[in-house]
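Inspection log for the structure reproduced underneath, given as structure tokens.
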Amino acid sequence: MDRWQAMRVFVKVAETGSFASTARQMHMSAPAVTRIVAGLEDLIGARLLVRTTRSVKTTDAGSRYLQDCRRILADIAEAELAAAGHYAEPSGTLAVTAASMFGHLHVLPLVLDYLDAYPGMHARTFFVDRPVNILDEGIDVAVRIGHLADSGFTAIQVGSVRRVICAAPCYLEKYGVPTTPADLKHHRIVVSQSAWASPEWRFAEGQRVLVDPVLQSNTNESAIATARAGWGLTRVASYQVAPAVQEGALQIVLEAFEEPPLPIHVLYPEGRQAPAKVRAFVDLAVARLRGNPLFN
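Going left to right, the sequence shown walks through residues 1 to 296 as UniProt numbering numbers them.
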């Protein structure tokens, strides 16, 4: 048995939760993946994976072995690169994902600067307001807003954003400024279906308010435009309205009741095994996003 290949197969099955997905990504047959994992379990003398009705999970022994495999494989990759005398220059195509508006405003400029720095590179951006499976969709780097599930990926926090409620000054002059979350029941609410679409808005200290939106939009941009027009209150991420707030077109309300900020992470699967194209982009993204005052 090729022990290192068996470890790689086991790690991929544990990360994807699927023998079939692992087979596709590693260009193997599903029976071959099953045989390799079974052989590894026989060699170790412990059950590493257990199948459920929907996915494959690691056992307690499997979870511990998974951590060791990642460390060992990373060390091997590091040693091979060092033995070659250099780390390869970035090459190929870099796939990057982020939420739609965040991607357009803050990730796309990073991608363009990256392509300028590495003329031989190509890039693919995937800016959508829905969960993206990094492994299944071939993503190299993700920029995520919000608390992360334990995926085993490398995650570097680069800042945070607030969830803010805002309206145009003319609206607040006409309808009054809400002073408590309960006051929202007396205001016209505009929401975006792309984020925080729940009718229950949460606030600090466990306060919750059920809102009845008069207008629902499928994009944050149109919800913000509606608020700027003086039509109602909306709730969005602080970075999305920062220019409008700075120029006085929008005013943030109920700041004292805001929940803690949401973290922003740069996320990638391979850790120290990441190819040069990923490491180069991650270094650029981390430095630039951490240096952006909107996220501090």
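Using N, Cα and C, we set each Cβ at its ideal position, and we do this for glycine too.
Model, not experiment: these values are computed from the prediction.
Check, Outcome
"With Gln-207 as the anchor, note down where its alpha helix (DSSP H) starts and where it stops.", "Looking at the DSSP string, Gln-207 is not in any alpha helix (DSSP H), and its letter there is neither H nor E."
"When you compare each of Arg-288, Glu-259, Gln-5, Val-214 to His-27 by their alpha carbons, which one comes out closest?", "Gln-5"
"Counting only runs that start and end within the segment 128–188, where is the alpha helix (DSSP H) found for 4 or more residues in a row?", "169–175"
"Among Cys-69, Val-253, Val-214, whose alpha-carbon lies nearest the alpha-carbon of Pro-181?", "Val-253"
"Under the three-state reduction of DSSP, which class applies to Glu-221: helix, strand or coil?", "helix"
"Would Ala-225 and Leu-110 be called neighbours here (beta carbons separated by less than 8 Å)?", "no"
"On the three-state DSSP scale, how would you describe His-86?", "Residue confidence is low: His-86 scores 46 on pLDDT, short of 50, so the model does not pin down where it sits. Its coordinate-derived value is still stated next. DSSP places His-86 in coil when its eight states are reduced to three."
"Among Phe-295, Val-266, Ala-274, which has the Cα closest to the Cα of Gln-240?", "Phe-295"
"Between residue 363 and Phe-281, is the Cβ-Cβ spacing less than 8 Å?", "Missing from the structure shown is residue 363; the chain here goes from 1 to 296 and no further."
"Output the distance between the C-alpha atoms of Lys-57 and Val-9, rounded to the nearest integer angstrom.", "14 Å"
"Please report the distance separating the alpha-carbon of Pro-263 from that of Ala-38.", "39 Å"
"Which residue marks the beginning of the beta strand (DSSP E) containing Ala-237, and which one marks its end?", "233–237"
"Thinking C-beta only, is Gly-248 closer than 8 Å to residue 298?", "The structure shown does not extend to residue 298, since the chain is modelled only from 1 to 296, so the question has no answer here."
"Only counting the same chain, and skipping five residues up and downstream in sequence, which positions put a Cβ closer than 7 Å to that of residue 299?", "Outside the modelled stretch of the chain, which goes from 1 to 296, sits residue 299, for which no answer is possible."
"Rounded to whole angstroms, what is the Cα-Cα separation between Ala-98 and Asn-133?", "12 Å"
"Using the rule of at least 16 other Cβ atoms within 10 Å of the residue's Cβ for burial, across every protein chain shown, is Asn-220 buried or exposed?", "buried"
"Once the 5 residues before and after Ile-36 are set aside, which same chain residues still bring their CB inside 6 Å of it?", "Ala-6, Val-9"
"With 16 other CB atoms within 10 Å as the buried threshold, where does residue 343 fall?", "In the structure as shown, the chain starts at 1 and stops at 296, and residue 343 therefore has no counterpart that could be examined."
"Return the chain-ordered list of same chain residues with a C-beta closer than 6 Å to the C-beta of Glu-16, the five sequence neighbours on each side being excluded.", "Looking at the sequence itself, residue 16 is Thr, so the reference to Glu does not match. Hits under 6 Å: Thr-22, Leu-135."
"Just the C-alpha distance for Lys-277 and Val-211, rounded to the nearest angstrom, thanks.", "45 Å"
"Do Val-96 and Ala-123 have their beta-carbon atoms positioned less than 8 Å apart in this structure?", "yes"
"By DSSP, does Ser-192 sit in helix, in strand, or in coil?", "strand"
"Buried or exposed: Ser-18, going by 16 or more other Cβ atoms within 10 Å of its Cβ?", "buried"
"Drop a sphere of 10 angstroms on the beta-carbon of residue 297, count the other beta-carbons inside from all chains shown, and report buried for 16 or more, exposed for fewer.", "Nothing can be reported for residue 297: it is not among the residues displayed for the chain, which extend from 1 to 296."
"Could you check what DSSP says for Tyr-118 in three-state terms: helix, strand or coil?", "coil"
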